[in-house]
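Here is the structure we will look at.
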Amino acid sequence: MNKTKLVVVISMVLVVVAGLFFQGQFENKQKTELVTLVDQAVQLIEEKGENAFPELRSSSWVHNDSYVFVWGLDGIRVVYPPDPSGEGKNMTDLVDSDGKPIGQLFIKAAINGSGWVEYMWPKPGEITPSIKITYIKRANYQNQTYLVGSGVYI
Numbered sequence: 155m156n157k158t159k160l161v162v163v164i165s166m167v168l169v170v171v172a173g174l175f176f177q178g179q180f181e182n183k184q185k186t187e188l189v190t191l192v193d194q195a196v197q198l199i200e201e202k203g204e205n206a207f208p209e210l211r212s213s214s215w216v217h218n219d220s221y222v223f224v225w226g227l228d229g230i231r232v233v234y235p236p237d238p239s240g241e242g243k244n245m246t247d248l249v250d251s252d253g254k255p256i257g258q259l260f261i262k263a264a265i266n267g268s269g270w271v272e273y274m275w276p277k278p279g280e281i282t283p284s285i286k287i288t289y290i291k292r293a294n295y296q297n298q299t300y301l302v303g304s305g306v307y308i
């Protein structure tokens, strides 16, 4: 009887460890895809400036639930594919459901060159917040500096 229990416990531990491993692999893949997407958007902005914005609003820059957004370092949202009517809005005071100042954290990440911000945000169509991570990178074109980002729920 003890041997059977031991086999069951070991099997359960292996299943949990394997699940955590594959979840970690999936999250790493998502992060890598976000970095690539943001890097490509930064490159486009650094080549074309504001002329890149119409292209960044197109569906070719939307991947699964992720999209590229662009703010000025003053916090003004200039590209927001899910709702273009939100463009021009000052996002500096944006906070998550826990009161975390994500608008300021996005700007700080861009000032530092790049960075990750983790926060609580509801998935589209939901009310309950979920964990979301967003990769932010600075883009420069002539005398303009932009914050470029994309996020994913984990």
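For the sequence shown, the positions run 155 to 308 when my numbering is used. Backbone N, C-alpha and C fix where the C-beta goes; we use that ideal spot for every residue, glycine too. Remember, predicted model here, so these are calculated numbers, not experimental data.
Item, Value
"Inter-residue spacing [alpha-carbon to alpha-carbon] between valine 249 and aspartate 228", "16 angstroms"
"Sequence ranges, beta strand (DSSP E) only - wholly within the segment 215-240, length at least 3", "223-226, 231-233"
"Rounded distance between the beta-carbons of asparagine 244 and isoleucine 256, thought under 8 angstroms", "So it is not a contact: roughly 14 angstroms between Cβ atoms."
"CA-to-CA distance, tyrosine 307 to leucine 284, given in whole angstroms", "The residue asked about is misnamed: residue 284 is serine in this sequence, not leucine. One C-alpha to the other measures close to 7 angstroms."
"Endpoints, alpha helix (DSSP H) assigned at glutamate 209", "207-210"
"Stretch-stretch touch, CB-based, cutoff 8 angstroms, three pairs: the segment 275-291 with the segment 205-214", "no"
"Presumed contact (8 angstroms Cβ cut-off) between valine 196 and valine 302, rounded CB distance", "5 angstroms"
"Three-way DSSP call (helix, strand, coil) for glutamate 280 in this model", "coil"
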